[in-house]
Each structure stands twice: as C-alpha cells, then as structure tokens.
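Have a look at the structure below before the remarks.
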Amino acid sequence: MSSQDPRFEKFRHGLRYVVNDILKKITAEKMAEMYPGIDKRALENIRVQIIQQYRNKCFSEFEKIYKDRDLEKKLDELDEIILDAKRRYAKNPGDKLYINDLNPNDIISNRLLAIQKESVASLNEKLVNLKRENNKLVKELNSIYNESLHNLKAANGNFGLLADVTKDELEDEKYEDLINYVTDECFRKPRRDDHINT
Numbered sequence: 083m084s085s086q087d088p089r090f091e092k093f094r095h096g097l098r099y100v101v102n103d104i105l106k107k108i109t110a111e112k113m114a115e116m117y118p119g120i121d122k123r124a125l126e127n128i129r130v131q132i133i134q135q136y137r138n139k140c141f142s143e144f145e146k147i148y149k150d151r152d153l154e155k156k157l158d159e160l161d162e163i164i165l166d167a168k169r170r171y172a173k174n175p176g177d178k179l180y181i182n183d184l185n186p187n188d189i190i191s192n193r194l195l196a197i198q199k200e201s202v203a204s205l206n207e208k209l210v211n212l213k214r215e216n217n218k219l220v221k222e223l224n225s226i227y228n229e230s231l232h233n234l235k236a237a238n239g240n241f242g243l244l245a246d247v248t249k250d251e252l253e254d255e256k257y258e259d260l261i262n263y264v265t266d267e268c269f270r271k272p273r274r275d276d277h278i279n280t
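Just add 82 to the spot in the sequence shown (first one is 1) and you have this note's numbering.
Written as structure tokens, this is what we have:
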C-alpha cells in the first residue's frame, strides 16, 4: 500500500490487518492442546470455519459502520482540505491570506480580504467537524476492537461445547448449526451479569 492511497483505504486496510492479526492467534497447535480428545482433522475444520465466519462478520460490521457514518466521503473531504492547505502554503508560506496578490483598490475595498477570511473560517469549521467525527469513529472502533478481544476469549469457552463431539458424529445440519451457534455466541452483546461473573 503506497503513501498515495486514499486515507479511507488505508483506514480500511488497517482494520482488516488488526482482525487478521487477532485471528492468527487461534492456531491449530493451541486448539489441539486445549482439546486433545478431539480428532485433529475435525478440530482443524471447526477452527477454520469459525475463523472464516468471525472474519466475515467483523468485515461486514465494519462496512456497515463505514456506510452509516459516510466515512469514505468524510475522509476524502479531509484529504482535500489537507491538500488545499498544502497548496496554499507552498504558494505563499508566510502569507495565508494572499495579501501580495491584492492591489491598492482591493485593499481599500477590503472585499477580497473579507471573502478570504470567510473561506478560511468555513474550511476551519469543516476541519474541526471532520476531526470531531474522526475522533468519534476512532472511539467506536476502539470499542469494537476491545469487544472483539472479549468475544475471542468467549469463543475459547464455547469451544468446550465441542469437546465431546466430532464432525463424523454429527449430522451435517447439526454440525453447521453448532458452528453457527459458536460464531453467533461470540458476537452477542455482553450482558451486565456477564461482566459480574467474569
């Protein structure tokens, strides 16, 4: 990923990297150590399916947040504001209002100066709003990240449900139901008594 990629794509790539990095910690070796009584092939199949469903669900939730918050458009606007500010600075490093471009009549009328001040104020207001929204999104994503860690720990507990069964012992439909149950259980919102018991 180059430094020229849009801010939104970098943001999305970063979140995907975090999710994949977390899921890498659920290794076949750890699963085999935790559940030595389960056939390794069946255990690996279960592990792969749960990781895939968890990954898909995470990415799907992230996409909903992007759409609900119109994140791509807002980050594109932020890029435009930053680029515009850099262009202005490059043109007149010490003169933010372009005073050197004004002729005496413009200075007397003060019209251009007023327009420039209004434009700067408007851009500053947009920048403040975008930063506020960005901070809000960062807090939400940190909350999702922390909840994901909590859910992964909960998933380890739910693997105990599989300790006495293998794929060969279950009908296909029941096996899929069990996989879906374990994955859905990881994504349920924690209740207050969950925190009390932990």
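Ideal Cβ positions, reconstructed from N, Cα and C, are used throughout, including at glycine.
- request: Can you give me the start and stop residues for the alpha helix (DSSP H) that D166 sits inside?
  value: L153 to K173
Buried versus exposed, by CB contacts within 10 Å (16 or more), K156: buried
message: For the structure I just gave you, are there three or more beta carbon pairs, one from the segment 212 to 226 and one from the segment 145 to 163, closer than 8 Å?
response: yes
field: Residue from N102, L105, I104 and R129 whose Cα sits closest to the Cα of A114
entry: R129
message: Please classify V220 as buried or exposed, where buried requires at least 16 other C-beta atoms within 10 Å of its C-beta.
response: exposed
task: Given a cut-off of 8 Å, decide if L125 and Y136 are closer than it, judged by their beta-carbon atoms.
output: no
message: Just to confirm the assignment, what range does the alpha helix (DSSP H) spanning K106 have?
response: Note, K106: premise wrong, no alpha helix (DSSP H); not H, not E.
Span separating the alpha-carbon of A245 from that of V101: At A245, the pLDDT of 48 sits below 50, so the modelled position is not reliable and the matter cannot be decided from this model.
message: By the three-class DSSP mapping on this structure, what secondary structure does A203 have?
response: helix
- prompt: Between F90 and the rest of its own chain, which residues show a CB-CB distance below 6 Å, the 5 nearest in sequence each way excluded?
  reply: E154 and L157
- request: Taking 8 Å as the cut-off, decide whether the C-beta atoms of L105 and I147 are in contact.
  value: no
Option nearest D266 by Cα separation, candidates T109, C140, D121 and R94: C140
query: Under 8 Å, do L234 and L97 count as touching if we go by C-beta distance?
result: no
message: Can you tell me where the alpha helix (DSSP H) holding I133 begins and where it ends?
response: K122 to D150
N127 versus E111 - alpha carbon distance: 13 Å
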